[in-house]
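Participant: Got a structure here, written out as structure tokens. Questions coming.
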């Protein structure tokens, strides 16, 4: 089919206007307002003049719009027919485009099937936990320009990187490896898993250090308590010894005092005159101090000797 050319014939339209005459009239009109100054007293007049000028301006604008509409009427009629001709292409274009889209959709579906097949063949089941197909899917694999070989290379590269990352995580030998693998499963970034393990180990060390410090404090407190109990025990034993010594000394002193008292009583009793004998009066002359005199009198009273101070 040859190219269709629309032959359009138009006559050059001419639009004229008495521009100069209108310009001169406007200039003459507006020159009256040059340098005009209005006051409070002439404000009403000023408003009236502004309204008149705006009305003239609007009239001129409406005049131009009306003439433009008349000028464009032939074109609008012509354009409507032209658009009708152009729209005739839409039906075959839509039909062919729909078929192209259906073919493309079928091709993409076939390519998606190929991608799923390659994924099942190349990605080990153990890795599918970490790299499910939706997570690693590259829309470029659907392009017709992307070869099967390229898709295989991309998938093998992803598998290799994942294997390497998992080996690094497991080699860290931490109690947090399983949780770090879950972190890696979520982001597929080795740095996230390593950071998680490092943070866990740092926190674990801090907890262990706090526990060791607690045990050190408890051990120190236990030693202090034992030392305190030992000192208290020694002090108690010392007091008991001192009390026993004091009691023994007191008992000894009491015994000595009792023996002394008993001996003194015996001596006193030996000196007490026999009440059954014949009493006689004796006269003694003694040189005594006042204290000695008092003691002698007390003694004679205690043993029942009757005496009389002669002066």
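Numbering (this note's numbering), first residue to last: 674 to 984. Positions of the beta carbon are idealized from the N, C-alpha and C atoms, including for glycine. Fair warning: this is a prediction, and the values are worked out from it, not measured in the lab.
#1: For the alpha helix (DSSP H) that residue 982 lies in, which residues bound it at each end?
#2: Using 9 Å as the limit for Cβ to Cβ distance, is residue 712 near chain B?
#3: Residue 873 and residue 838: beta carbons closer than 9 Å?
#4: Nearest-angstrom Cα distance between residue 887 and residue 893?
#5: Rounded to whole angstroms, what's the CA-CA distance from residue 816 to residue 835? Just pull it up for me.
#6: So, are the CB atoms of residue 863 and residue 804 less than 9 Å apart?
#7: State the Cα-Cα distance for the pair residue 770 and residue 785, rounded to the nearest angstrom.
#8: Determine the burial state of residue 870: buried for a count of at least 16 other Cβ atoms within 10 Å of its Cβ, exposed for fewer.
#9: Going by DSSP in three states, residue 796 sits in which element: helix, strand or coil?
#10: Which residues in the same chain as residue 738 place their Cβ atom closer than 8 Å to its Cβ, once the five residues preceding and following it in sequence are excluded?
#11: Kindly indicate which three-state DSSP category residue 812 falls into: helix, strand or coil?
#12: May I have the straight-line CA-CA distance separating residue 828 from residue 766, to the nearest angstrom?
#13: Cα separation between residue 778 and residue 689?
#14: In whole angstroms, what separates the C-alpha of residue 831 from that of residue 761?
#15: Pop quiz: residue 825 and residue 795 are said to be a contact at Cβ under 8 Å. What is the actual Cβ separation, rounded to whole angstroms?
#16: Throw me the rounded Cβ distance for the residue 787 and residue 821 pair, which I believe falls under 8 Å.
#17: Where does the unbroken alpha helix (DSSP H) through residue 711 begin, and where does it stop?
#18: If I follow the unbroken alpha helix (DSSP H) through residue 1046, where does it start and stop?
#19: Below 8 Å on the Cβ atoms is my guess for residue 1022 versus residue 856; work out the distance and round it to an integer in Å.
#20: Grouping DSSP H, G and I as helix and E and B as strand, with all else coil, what is residue 846?
#21: Just how far apart, CA to CA, sit residue 919 and residue 930?
#22: Rounded to whole angstroms, what's the CA-CA distance from residue 814 to residue 759? Just pull it up for me.
#23: Let me make sure I understand the geometry here. Which of 733, 781 and 852 has the alpha-carbon closest to that of residue 819?
#24: What is the C-beta distance between residue 802 and residue 882, in whole angstroms, given that I count them as a contact (C-beta under 8 Å)?
#25: Along the alpha helix (DSSP H) that carries residue 695, what are the first and last residues, could you check?
#26: Helix, strand or coil, according to DSSP, for residue 860 in the structure here?
Facilitator: Inspection of the coordinates gives the following:
#1: Residue 982 -> no alpha helix (DSSP H), and no H or E assigned at all.
#2: Looking at the structure shown, chain B is missing, and only one protein chain is on hand.
#3: Taking 9 Å as the Cβ cut-off, residue 873 and residue 838 do not qualify as a contacting pair.
#4: Taking the straight line from one Cα to the other gives about 10 Å.
#5: The straight-line gap from Cα to Cα measures roughly 25 Å.
#6: Contact: no.
#7: Straight-line Cα distance between these residues: approximately 22 Å.
#8: The residue is buried, with at least 16 neighbouring Cβ atoms inside 10 Å.
#9: It is coil, neither helix nor strand.
#10: Result list for residue 738: empty, nothing under 8 Å.
#11: In the displayed model, residue 812 falls within a helix according to three-state DSSP.
#12: For residue 828 and residue 766, the distance between alpha carbons rounds to 39 Å.
#13: Straight-line measurement puts the Cα of residue 689 at about 60 Å from the Cα of residue 778.
#14: If I take the Cα positions, the gap works out to 51 Å.
#15: That pair is a contact at about 7 Å.
#16: That pair is a contact at about 7 Å.
#17: Residue 711 -> no alpha helix (DSSP H), and no H or E assigned at all.
#18: With the chain covering 674 to 984 only, the question about residue 1046 has no answer from this structure.
#19: A question about residue 1022 goes unanswered here, because the residues of the chain that appear run from 674 up to 984.
#20: If DSSP states are grouped into helix, strand and coil, residue 846 belongs with coil.
#21: Spanning the two alpha carbons is a distance of roughly 16 Å.
#22: Going by the C-alpha atoms only, they are around 38 Å apart.
#23: If we check each option's Cα against that of residue 819, 781 comes out closest.
#24: So it is not a contact: roughly 36 Å between Cβ atoms.
#25: Annotation for residue 695: the continuous alpha helix (DSSP H) segment containing it runs 692-704.
#26: Residue 860: helix per DSSP, three-state reduction.
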